[in-house]
Every structure is written in C-alpha cells, then in structure tokens.
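Residue numbers (the UniProt record's numbering): 1 to 263.
Here it is in structure tokens:
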C-alpha cells in the first residue's frame, strides 16, 4: 500500500498525509502520518524517524512558508508543496503493528552541555536520575554510554531503553522524550549549565529469536543441568549403598558369632 491523502474538511487545498505498509520496496522517501498533532517522519535510508509538532489544520500554511519551522534534530527542514503529491511510501511494517506504528527498541541521543567535563564530572551520576524524572520514565531506562570534553563544553551519549519486561518503546513515549529534550522542557540545576540535543537515532527491536529469548533459553538449560546432576548424584549414592549391603568378606575375616538354627 502507498500513501493516503485525505482532504482536510476546513482548509481548502490541505491534505492529511498517512503512510502505511509498502512491502519490501527499497525506495527512500520522507513520509509521515498525523499522530496526536505530531507529524511523524521516517527516513528509511538513514533508518531514523523525526517528530514535528504541528496541527493538521495548520499544515498547509506551514508548508507554504518560505522559512521552515524549527525542527528537532534528524528532521528535514523544508517540505515543498510537491511533497503532498502521491508517491512511493516507506515501509512501516514492524512485527504486525498497526499502520504507522514503529516499534522502538532504544533511543540513542547526543547531548551537549556548555560546561567543561572537569566541572561536570562530580555531578555526572546525578544526571540519569534528573533526566528520568524530567522524561517521566524509570531511572533504570536511562544509560550513560560516555562523557567527553570538547574544549569548554562537554558531550554526552545516552541510551533510553524500554521499561523492564517491555520489548519496545511506544511511539507516544518516544515522541514525548524527543520533544521534551529538543524544546528544553527538562529543568536541570544550574550546576549543569545549559544542554542541547545535538543528535538522536532510534533502533527497532531485534528480530533474532535467539537474542529475544536468550535469558529464557539460558535459564531452561541451567534448570535442566541441575536436574540432571541431581538425578546422577542420587543414582550414585543408591548404587554405593547397594554395593555395601552385598559386599563379600575374606575367609579369615572375623565375623560376629551367630547361633546355628536347628534343622
């Protein structure tokens, strides 16, 4: 299936764009679907998605503006009128998810601070909790990969993972995370200075069965090994006892006297 263009009921010449499954077509194209007043864009060549907060009723006017609106990183800066013409849409099929639904295994982000690494170092351990609180997610979901110095500034790389026992991050949560960071809606103490979302990317869940169920398979093997060792140990103990009961003694060995029974 390709893109679906639905005429807007109030704005003449405006369309609402929806992109659905397109099989295995290799064509790269930026498309989108209006989700809760957010235009979600997907660049298959770069394997990245972008989020542009907008409104379907205002979409047509924004596309006509000569100066493109400010977008979060990894989003295209301009969208000409020709972009609304039917074309080949990117494939959004993700494990039988609803049309337009992208399953996200993790979000990788590059965030810079206008404070040197030396000044940031004593407070780095606090950042994960502060980001988690500001993004309304668990602290266990926020992971710091590295923190480097870039002159008087510092650069950090972070990964946001799904909640425990969850396989992926929902589109709504991913949109919220990127929007809050891009729009500086997370308030950090003055000791961290000002931050900026430099770049970000998302990764789909692994389709490898072994990777998804590695811990389950490992646990099953461990349980089977323990049961096997228990059975083997029990058998060896039983066999030893049987040998002791029927053991033969030398002829000259002293044995307790036993009274002969009458015939």
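Cβ coordinates follow ideal geometry from the N, Cα and C atoms, glycine included. Please read these numbers as outputs of a predicted model, since none were measured by experiment.
Just to confirm, are residue 204 and residue 137 a CB contact at a threshold of 8 Å?
Cβ distance not < 8 Å, so residue 204 and residue 137 don't count as in contact.
Alpha carbon of residue 170 to alpha carbon of residue 102, nearest angstrom:
Roughly 8 Å separates the two Cα atoms.
With DSSP as the reference, identify every bridge partner of residue 146, one or two as the case may be.
As DSSP reads the structure, residue 146 sits in a beta bridge with 157.
Identity of the residue in 116, 134, 115 and 231 nearest residue 180 by Cα
Check the Cα spacing between residue 180 and each of 116, 134, 115 and 231: the tightest is with 134.
Let me check one thing: in DSSP terms, what residues is residue 120 bridge-paired to?
Answer is none; residue 120 lacks a bridge partner.
On the three-state DSSP scale, how would you describe residue 187?
Of the three classes helix, strand and coil, the one that applies to residue 187 here is coil, per DSSP.
Our contact map puts residue 106 next to residue 161 with C-beta atoms below 8 Å; I'd like the distance itself, whole angstroms only.
The Cβ separation is near 5 Å, so the contact holds.
Counted within 10 angstroms of its Cβ, other Cβ atoms place residue 78 as buried (16 or more) or exposed:
Bear in mind that a pLDDT of 32 at residue 78, under 50, signals an unreliable position, so the model cannot answer this.
Can you name, in chain order, every residue of its own chain whose Cβ lies under 7 Å from the Cβ of residue 225, other than the five neighbours on each side?
Closer than 7 Å at the Cβ level, and outside the excluded window around residue 225, lies no residue.
Distance between residue 117 and residue 214 (C-alpha atoms, nearest Å):
If I take the Cα positions, the gap works out to 38 Å.
Exposure label - residue 231; buried when at least 16 CB within 10 Å:
With fewer than 16 other Cβ atoms within 10 Å, it is exposed.
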